[in-house]
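Here our numbering is used: the first residue of the sequence shown is 2, the next is one more, and so on.
Here is the structure we will look at, set down as structure tokens.
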Amino acid sequence: MRSRAGFADGKLVAVGVSLAVVLVATFMGALIVSGALSSNGSGALNIAISGGTQTLDETESGSNGEGGNDVTESTSTESPAPSPVYALGDSGDGVRELQARLRQIQWYQSDVTGEFDDTTFEAVQGFQAKRGLEPTGEVDETTWANLADMTSAPTEDEKHNRLAAGPPILGPGDEGDHVRELQARLKQIGWFEDEVTGTYGLVTADAVQGFQTKRGIAATSEVDENTWDVLVGMTRTPTDAELNNEPPEPPATSSGLPDECMTGRVLCIDKSEQVLRWVTDGDVNLTLDARFGTELGAAREGSFEVYWKRRQGSFLFDTDTAYALFFDDGQAIHYSADFDENGYNDSQLGSVNVRDEDSMAQLFDDVDLGDQVYVYRS
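Dropping the structure here:
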């Protein structure tokens, strides 16, 4: 029988042998690697390095038997173009949110479907062009950031075309100046034809309900915040005459116009009053509501002349431009279907919008090339 001491000695010997084998293997591996690095044969050893790949390239030795290792590094210097967040053909809740946000600022008028179709593509393209972004029609991160800054997170009702009314701020039975203003504003756009009374009765309720139905607002006959905001965006602040059923003020005469409008045939455009006046020798023949560009460039002020007339046509995707009278490097006076439908909520780049189509058609026929245009603030 072996003693415990003998067993322990044997174990120590075995461990020593194992360590020796490991050391010899390590030493031989180092020699092999060293030989590979100094070998004159062909071959390459690639070493991965963060940020690129380094290649130790062994070239053929020259006639003198000398050779060297060339170290090259390849790195990517161009980052790929950002892929769109949403594009034509996409679908889902994200597209629903996109459509609902575009709808909040009136770039998308159809039902929210969750399908990125041609209508959505055109709405995105128009939004991008309006804000100086590349009009690709695809929603990249920059487009989404701009849209998110201008809108609020849509509700589930908005994303699924469900009309939901907010708490009423005016309703049947109310009286006072706010009701008077409501009636006067509705009267401006043809929804209220009776006298302004300041009393919210059945006639006012019917007018509010008709306005709400036309604009896609929950038709409750009561005025909530959304209804009021849409109405204010489409109308102007009522005058005292409008609030008190007084006859409208007589048309402005030459005494109320700048000197530039007093002689000859002039389209006299007051950006402060938001009106266009067609004036001949100081007499005002026609007065029209006007809207001006406000984002990428407003209609410029100064003296110009009409150099081109175009009866029909459209540009910038969303606004009709019939009966256009061009007066300054592409800026024009024209009928705007968007102004007619949505009032002052939006505007077109560098143009003078008119919302009365019949009057704009009459003006188009009356104005000649060379007639003067004067844009100013009173």
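Cβ coordinates follow ideal geometry from the N, Cα and C atoms, glycine included.
Item, Value
"Per DSSP, cross-strand counterpart(s) of V376", "I270 and G303"
"Terminal residues of the beta strand (DSSP E) in which F293 lies", "D284 to F293"
"8 Å contact criterion, which M235 and G167 should meet: CB distance rounded", "Going by Cβ atoms, the distance from M235 to G167 rounds to 18 Å, so no, they are not a contact pair."
"L277 in three-state terms, based on DSSP", "strand"
"Opening and closing residue of the alpha helix (DSSP H) in which A362 lies", "E358 to D367"
"Cβ-Cβ separation, E116 to V96 (assumed contact under 8 Å), whole Å", "7 Å"
"7 Å Cβ shell around I170 - same chain, five flanking residues per side excluded", "V224, D225, E226 and W229"
"Backbone secondary structure at Q110 - three-state DSSP", "coil"
"Buried or exposed (CB count within 10 angstroms, at least 16 for buried), W192", "buried"
"Unbroken alpha helix (DSSP H) run spanning H179, endpoints", "D178 to Q189"
"As assigned by DSSP and simplified to three states, the class of A253", "Residue placement at A253 is flagged as unreliable, the pLDDT there being 48, under the threshold of 50; a coordinate-derived value is accordingly withheld."
"Backbone CA spacing between W145 and I218 [nearest angstrom]", "26 Å"
"Meets three-Cβ-pair contact criterion under 8 Å: the segment 366-375 and the segment 257-274", "yes"
"Separation of R278 from Y336, as counted between CA atoms", "15 Å"
"Closest residue to E302 among L289, D271, A325 and Y308 (Cα-Cα distance)", "D271"
"C-beta atoms of G202 and G177 nearer than 8 Å", "no"
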